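One structure is given here, and the rest of the page talks about it.
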Amino acid sequence: MTEYLLIALALLGVLILGGIGLVVPRLRRRPEPPLPKTEVDTRAEEDLAGPPVQAPEAELSTGILVEPPVVEAPAPVLEVPEPTAGRLVRLRSRLSRSQNVFGKSLLGLLSRDHLDEDTWEEIEDSLITADVGVDATRDIVDRLRERTRVLGTRSGSELRALLAAELVNALDPTLDRSLRTAPKEGVPAVVLVVGVNGAGKTTTCGKIARVLVADGRSVLLGAADTFRAAAADQLETWGGRVGAETVRGPEAADPASVAFDAVKRGIDTGVDTVLIDTAGRLQNKIGLMDELGKVKRVVEKHGPIDETLLILDATTGQNGLEQARVFTEVVNVTGVVLSKLDGTAKGGIVIAVQRKLGIPVKLVGLGEGKDDLAPFDPAQFVDALLGTEPLARDA
Ligand SMILES: Nc1nc2c(ncn2[C@@H]2O[C@H](COP(=O)(O)OP(=O)(O)OP(=O)(O)O)[C@@H](O)[C@H]2O)c(=O)[nH]1
Ligand SMILES: [Mg+2]
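Taking the UniProt record's numbering, the leading residue of the sequence shown gets 1, the next gets one more, and so forth.
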């Protein structure tokens, strides 16, 4: 009897130990990893469930579910550029250096009691010093002399009005100064920006991009200045602020091919305007001017360039005119941007440039700030030069 009892107990013990042996490994065992999915499985699931979502992970030690941190791409904060209307009026005080010549000195001379030969000579000298150019100065002074003689005008406001009319006339208000930046039949307008070293090309490209964005257009920038990586970085920074993509190539890449790719990308993405920045080049370096000609020809494989803007540094005065002439021979310049007008007393260069080149000044740069670029308007410009209103509008 006791023997049976012992055997039964032993069997029970074996059973219990065996049971534990079976259960414990199960408890310890980690769940089997699922079988690797095929590409088809994954695609099918993604189609159904949208973009993949990371599953919450089980914390092994505590068993508490921990949500993975939600990694969201930071939304780019885009700047809203200033509207372009009224910029020249807002920035008129930036012309203060030129205002001294035109507003103060010229008007002062004109209102002398006796407008004798010496006074007229002084008036001529002031205009020439302000870079108006010899031919334009002669025309302006001859017409003023004639009109003051015929009309016998002597009051300050009348003389101011006569001078203003002659200056506006010398700026040819009939020229078309609109920028051709509108897409045609879904194809972006292409704007090529050229000029000598340091004229302000890249800055002006950036400012124009802002002008266009402010006017509701979409813009793509092409960094065809491949001499320095920093040049493309500089352009990309301008574009990034207003959400414009920049197409760039490797350092020392062929600028023509980067410009071509930029226009192609602009066509593919359907932007309104492609702006191409080029490297600074001196007009007397034949190889570099040939390279610019090539950029133009290669870009035109996509279709004609809508606008070629020559950036001229206003502080270089009459020297800029010779540069400009050479550029117009290589590319078909359709508009001039006079940069750095804020840094010169020679605002008359606007008159000389147009007269010598027969190409309209379309925009003027009036400072280093992001929105310090204004559409050029002869009447507003002359008014700013002769301004009788308080000048400190722009804080
Ligand atoms: N005061 C003033 N400075 C300007 C204006 N436009 C450009 N600049 C300055 O001129 C300098 C040269 O400008 P960039 O745009 O780099 O000139 P760039 O023609 O691209 O130069 P490269 O590519 O080296 O040939 C910068 O310091 C600009 O801030 C302007 O209208 N007024
Ligand atoms: Mg540049």
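For every residue, glycine included, the Cβ atom is placed at its ideal position computed from N, Cα and C. It should be emphasised that the depicted structure is a prediction, and the values quoted were computed from it without experimental measurement.
What residue from the options has the CA that sits closest to residue i's CA?
i, options, result
"residue 228", "274, 280 and 268", "280"
"residue 85", "386, 384, 383 and 377", "377"
"residue 236", "385, 202 and 265", "202"
"residue 340", "333, 372 and 116", "372"
"residue 131", "195, 353, 149 and 239", "353"
"residue 289", "313, 328 and 276", "328"
"residue 296", "242, 333 and 239", "333"
"residue 361", "174, 274 and 286", "174"
"residue 218", "194, 226, 265 and 129", "265"
"residue 463", "127, 170 and 299", "No answer is possible for residue 463: the residues shown for the chain start at 1 and end at 395."
"residue 291", "92, 257 and 335", "257"
"residue 192", "224, 168, 176 and 214", "224"
"residue 294", "221, 259, 143 and 232", "259"
"residue 128", "108, 117, 102 and 146", "102"
"residue 92", "368, 342 and 355", "342"
"residue 248", "262, 215 and 275", "262"
"residue 375", "287, 277, 204 and 122", "204"
"residue 309", "276, 230 and 116", "276"
"residue 304", "313, 321 and 274", "274"
"residue 168", "143, 178 and 156", "143"
"residue 254", "212, 185, 239 and 222", "222"
"residue 368", "272, 313 and 267", "313"
By a C-beta neighbour count over all protein chains shown, 10 Å radius and 16 as the cutoff for buried, is residue i buried or exposed?
i, result
"residue 363", "buried"
"residue 282", "exposed"
"residue 382", "buried"
"residue 34", "Interpretation of residue 34 is limited by its pLDDT of 43, a score under 50 that renders its predicted location unreliable; the figure taken from the coordinates is listed afterwards. Residue 34 should be labelled exposed."
"residue 183", "buried"
"residue 346", "buried"
"residue 269", "exposed"
"residue 80", "exposed"
"residue 161", "exposed"
"residue 78", "exposed"
"residue 32", "Note that residue 32 scores a pLDDT of 41, beneath 50, so its modelled location is shaky; the value from the coordinates is reported in the next line. So residue 32 counts as exposed."
"residue 134", "exposed"
"residue 98", "buried"
"residue 87", "buried"
"residue 252", "exposed"
"residue 106", "buried"
"residue 286", "exposed"
"residue 151", "exposed"
"residue 230", "exposed"
"residue 113", "exposed"
"residue 156", "exposed"
"residue 320", "buried"
Under three-state DSSP, which class holds residue i?
i, result
"residue 147", "helix"
"residue 378", "helix"
"residue 339", "strand"
"residue 185", "coil"
"residue 313", "strand"
"residue 365", "strand"
"residue 276", "strand"
"residue 347", "coil"
"residue 58", "The pLDDT assigned to residue 58 is 41, lower than 50, so where the model puts this residue is not dependable, and the model offers no usable value."
"residue 308", "strand"
"residue 244", "coil"
"residue 385", "helix"
"residue 271", "coil"
"residue 224", "strand"
"residue 258", "helix"
"residue 27", "Unreliable placement is indicated for residue 27, whose pLDDT of 40 sits below 50; the coordinate value is still reported in the next sentence. Helix."
"residue 192", "strand"
"residue 331", "coil"
"residue 373", "strand"
"residue 168", "helix"
"residue 77", "coil"
"residue 219", "strand"
"residue 213", "helix"
"residue 290", "helix"
"residue 98", "helix"
Can you round the beta-carbon distance between residue i and residue j to whole angstroms, since I take them to be within the 8 Å contact cut?
i, j, result
"residue 89", "residue 323", "Actually they do not touch by this definition, with Cβ atoms about 30 Å apart."
"residue 306", "residue 180", "4 Å"
"residue 94", "residue 366", "4 Å"
"residue 370", "residue 207", "7 Å"
"residue 349", "residue 357", "About 12 Å separates the two Cβ atoms, so there is no contact after all."
"residue 170", "residue 351", "5 Å"
"residue 220", "residue 199", "Not really, about 22 Å apart at Cβ, beyond 8 Å."
"residue 83", "residue 232", "About 29 Å; that fails the 8 Å criterion."
"residue 166", "residue 140", "5 Å"
"residue 355", "residue 136", "5 Å"
Taking 8 Å as the CB-CB limit, is residue i close to chain D?
i, result
"residue 123", "Here chain D cannot be found, since the structure has a single protein chain."
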